[in-house]
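Just remember that our numbering sits 294 ahead of the position in the sequence shown, which is counted from 1.
Just so it is clear, CB atoms sit at the ideal spot from N, CA and C, and this is done for glycine as well.
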Amino acid sequence: MNMQKSFRDYMKKVFLKYSIITIALIFTLYILSLYVTFMVVVVKKNNQVNDRIRATVAYEFSRYRHTLDKLVQNEAFQQVTEGRSQLLEVNNILYPVINSRPFKGNFVLFDKNGNIVTTSLFNGNAEALKSDYLMQSLLRDTDLRDGIERTVDYSLFKEGQSSSYFFAKAIMTDENIQGYLFFFLEDLGRYFQHSADLVAITDRFDQAIYVSDQKLLAHVGKVNKHYLEGNTAAIDNNTYYVTSRTIHDQDIRIINMLSINTFKQSVWIGLISFISIGIVMIIVNYLVLPKIMRQSLRSVDSLIHFIQTPSKGMKSQAFEEFQMIQDEFLIKMDQIQSLMQSNAEIAEMKRKMEIKQLEAQFNPHFAFNVLEMLRYEILFDPQNASEIIVSFANLLRYNIHYGSTMVPVETDIKYVEDYLKLQKMRFNRRLDYTIDVDESIRDIKIPKLIIQPLIENSIKHCIEDTAHLDIAISILRKDDYLYMAVKDNGKGIEPDRLALLQQSLERGTNDTEHYGIFHSHRVVQLIYGEQFGMTIDSVHGEGTNVEIKIPLNKGD
């Protein structure tokens, strides 16, 4: 059931995870929609308003400049400034100009001495203009031949007339100034009051030509520079989106502002609402999810119970698909059990065959040497030859016909003694041996022929290079294990060859000439498992100790 609980927890985490991901995705889309809405409703709209105002101002200002350039060259204007009678004709030209334009205005015609020849201003405003110091200085000190346009003090005119910007140019006759023509624009609010929440038009010095609200001004008729920098401005606890652009080649800046307070409030309300709903949804999912999981996983619980206690008559109480899984599971289980049984039988047969094959290996060189020794002994010592024949017969009988794979220690030691007796007869004084067997383990069964290959290996590789070979055989019990060791005082094994031999034993493949050692090691591992087997310790020039470790309570 632990895996079932883990699966339930996993499903719960997955459900919560994807719920959060879904909410986050919706939140991202919501933020994206807010951005798109802001760009369309605020930014694009404000830019369009700015473009429309700039186009209108540029067009109307150009018309005033063009009209001014045209009129100062009119002969009637030249004559009237010289005192000749053309005043009616001049007025008939000027009044339609200022009354037919979207940007209304007033005109003033000065003679070369600064006296007003004709004007649309009221008398009081005309006198105020004539006596204004800045105007007198302009007429006296400024060259107006190429024309000029500037801001003017908004408070200069009274009685319902106002102006904050004028166009002016000198009237010339034969390179001589005969007078000056001025156009004073009236308040542009009549035209722009519905264009945006706030509008400002300035010259290149940030002097206000028009402002829709006086709070946009800082001092001395200039627009607050903070409203000209950045895309937002805070005015009287209101936030505005600002668009500020300059009319090409005219040094006229158009600033329009659109309040985004309502948009900001909607954004905050939406965000708070969305986050609140998201948190509530996560909490509800967390609380309700266990019940949903229990309902949803009933079929899985039934399937797990079936897998743990399979029954051919058991039917799924949930869905057809789970019943199909159960049926297929039973079929596969039967097939797997059948295959496992067959494989186990094959593996056991293979194991026994390999053990028998390893046990059956008898060194033909040993048999040849014994027969050679027997040939000479028959001639010189028939009694000794008889003992050789008896010992050799015992060896052959034990090697070929002895029944079980597992034999008592005492039985295998008798075989070892017959084998060593034959070797002693062959090598005489050059070979001595000792056998030390714990009396308490003589009846314990060990693999047949497990020690003899180790003794044979010592004699084969050491007798030729050793004047007197001593072999010590010991079988001792330590705790729950049996240790069988064969130690000699031969030439030992070189370090490189020893490392190669140890690697062969670890890998289970023989790449050396020590077949007897490898066969014994392989028999032990086949019977007792990979954790048991043989260890080899050798010092080159001093001798070799080979030890086999097996458990006392395992083997058949």
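So, are the CB atoms of Asp732 and Arg791 less than 8 Å apart? Cβ distance not < 8 Å, so Asp732 and Arg791 don't count as in contact.
Using 8 Å for Cβ pairs, my map puts Met700 next to Ile740. What's the rounded Cβ distance? Met700 to Ile740, Cβ: 7 Å. Contact.
Sort Lys718, Asp773 and Gln677 by Cα distance to Val664 and report the nearest one. Lys718
Can you give me the Cβ contacts of Ile767 inside the same chain, cut-off strictly under 6 Å, excluding the 5 residues immediately before and after it? Ile729 and Val780
Which partner residues of Pro702 appear in the DSSP bridge assignment? Lys739
Whether Ile745 touches Asp773 by CB criterion (8 Å): no
Can you find at least 3 beta carbon pairs, one from the region 498 to 511 and one from the region 553 to 569, that sit closer than 8 Å? no
State the start and end residues of the unbroken beta strand (DSSP E) segment that holds Thr526. Thr526 to Ile529
Straight-line CA distance for Leu581 to Ile317? 17 Å
Thinking Asp737 and Ile765 are a contact (beta carbons under 8 Å), I'd like their distance in whole angstroms, please. Asp737 to Ile765, Cβ: 25 Å. No contact.
Three-way DSSP call (helix, strand, coil) for Leu438 in this model: coil
For chain B, check one thing: does any of its Cβ atoms lie closer than 8 Å to the Cβ of Lys708? The structure shown has no chain B; it contains just one protein chain.
Going by C-alpha to C-alpha distance, which of Leu565, Lys843, Asp530 and Gly786 sits closest to Ser832? Gly786
Closest to Leu479 by C-alpha separation, out of Ile347, Glu824, Lys398 and Val684, would be which residue? Lys398
Three-state class that DSSP yields for Met647 in the structure shown: For Met647, the predicted model reports a pLDDT of 48, less than 50, meaning its position is unreliable; a value from the coordinates is still stated below. Three-state result, Met647: helix.
Among Leu423, Thr436 and Thr467, which one has its Cα closest to the Cα of Ser457? Leu423
Please list, in chain order, all residues of the same chain as Glu354 whose beta carbon is under 8 Å from its beta carbon, the five residues on each side excluded. Arg395, Pro396 and Phe397
Taking only three categories from DSSP, how would you classify Glu788? coil
My output table needs one value for Phe460: the three-state DSSP class, helix, strand or coil. strand
Pairwise C-alpha distance: Ile630 and Ile683: 55 Å
Phe477 versus Asp530 - alpha carbon distance: 35 Å
Along the chain, where does the beta strand (DSSP E) that runs through Ser356 open and close? Element bounds for Ser356: not the beta strand (DSSP E) but the alpha helix (DSSP H), Lys339 to Leu365.
Report the three-state DSSP secondary structure of Glu841 (helix, strand or coil). It is a strand residue.
Host alpha helix (DSSP H) of Ser425 (start-end): Asn417 to Ser425
Please go through the same chain and pick out, in chain order, the residues whose beta-carbon is closer than 7 Å to the beta-carbon of Glu453, but skip the five residues on each side of it. Phe416, Gly418 and Asn419
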